[in-house]
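For the sequence shown, the working numbering assigns the number 688 to the initial residue and increments by one for each residue that follows. Structure record follows, encoded as structure tokens.
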Amino acid sequence: MNAATVRAPDELGYRAGVPNSLRDARPADLLGDHLDAFLAAELPPRPTEAWELATLGVHPSARGRGLGSALLAEGLRRVDAAGGSCTLETSDPRNVELYSRRGFSVIATTRIPDGPVVHSMLRAPVETGRP
């Protein structure tokens with residue numbers, strides 16, 4: 688899958704590149720035995736005016752070519768043009784380093800019972816020099 692979803696606070700995200708098998712999947716289907724633990728976990732609230740980096744993925748066979756970085760850069764360009772901040776959650780420790788290099792900071796860490804540790808991250812608005 689080569690896709691990114693960056694949602695403005697007042698927009699719905701898009702599902703370009705999401706495999707048909709996942710388009711209509713319910714959370715219970717995706718989370719399986721972890722659904723109850725996921726629902727019981729309390730992630731910190733997002734800033735209400737923040738954009739959300741909902742999904743960023745590159746098919747394993749296409750990794751290492753800069754596609755993920757290009758998708759992220761384009762999404763953040765749109766956020767910056769709007770003067771917004773951006774939030775995301777990741778449970779992959781490697782992603783924390785990746786997103787930190789792009790200006791995100793960990794604002795909270797949540798352990799999902801019998802599940803992963805989720806890092807909530809925020810990227811503050813970037814001054815673009817535009818009026």
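Each residue gets a CB set at the ideal place from its N, CA and C atoms; glycine is no exception.
Q) Anyone know if the C-beta pair for Val-766 and Gly-755 falls short of 8 Å? A) Residue numbering aside, residue 766 sits at position 79 when the sequence shown is read from its first letter. Residue numbering aside, residue 755 sits at position 68 when the sequence shown is read from its first letter. Val-766 is not a Cβ neighbour of Gly-755, given a cutoff of 8 Å.
Q: Measuring only between beta-carbons, confirm whether Gly-751 sits less than 8 Å from chain C.
A: Here there is only one protein chain, and chain C is not present.
Q: State yes or no: is the C-beta of Gly-771 within less than 8 Å of the C-beta of Pro-812?
A: To locate residue 771, count along the sequence shown from 1; it is residue 84. To locate residue 812, count along the sequence shown from 1; it is residue 125. Yes, these two residues count as a Cβ contact at 8 Å.
Q. Going by alpha carbons, who is nearest to Arg-735 out of Cys-773, Thr-742, Ala-760?
A. Indexing the sequence shown from 1 puts residue 735 at position 48. Reading the sequence as shown, one finds Thr at residue 735 and not Arg. When each option's Cα is compared against that of Thr-735, the closest is Cys-773.
Q. Could you give the distance in angstroms between the alpha-carbon of Asp-779 and the alpha-carbon of Thr-796?
A. As a first step, residue 779 is located in the sequence shown; it is residue number 92 there, counting from the start. As a first step, residue 796 is located in the sequence shown; it is residue number 109 there, counting from the start. Their Cα atoms are separated by approximately 12 Å.
**Q.** Residue closest to Val-793, alpha-carbon to alpha-carbon, out of Val-783, Ala-737, Ala-760, Pro-747
**A.** The count along the sequence shown starts at 1 and reaches residue 793 at position 106. Per the Cα distances, Val-783.
Q. In whole angstroms, what is the alpha-carbon distance linking Met-808 and Leu-730?
A. For the purposes of this step, residue 808 is taken as residue 121 along the sequence shown, with counting starting at 1. For the purposes of this step, residue 730 is taken as residue 43 along the sequence shown, with counting starting at 1. The alpha-carbon atoms of Met-808 and Leu-730 are separated by roughly 11 Å.
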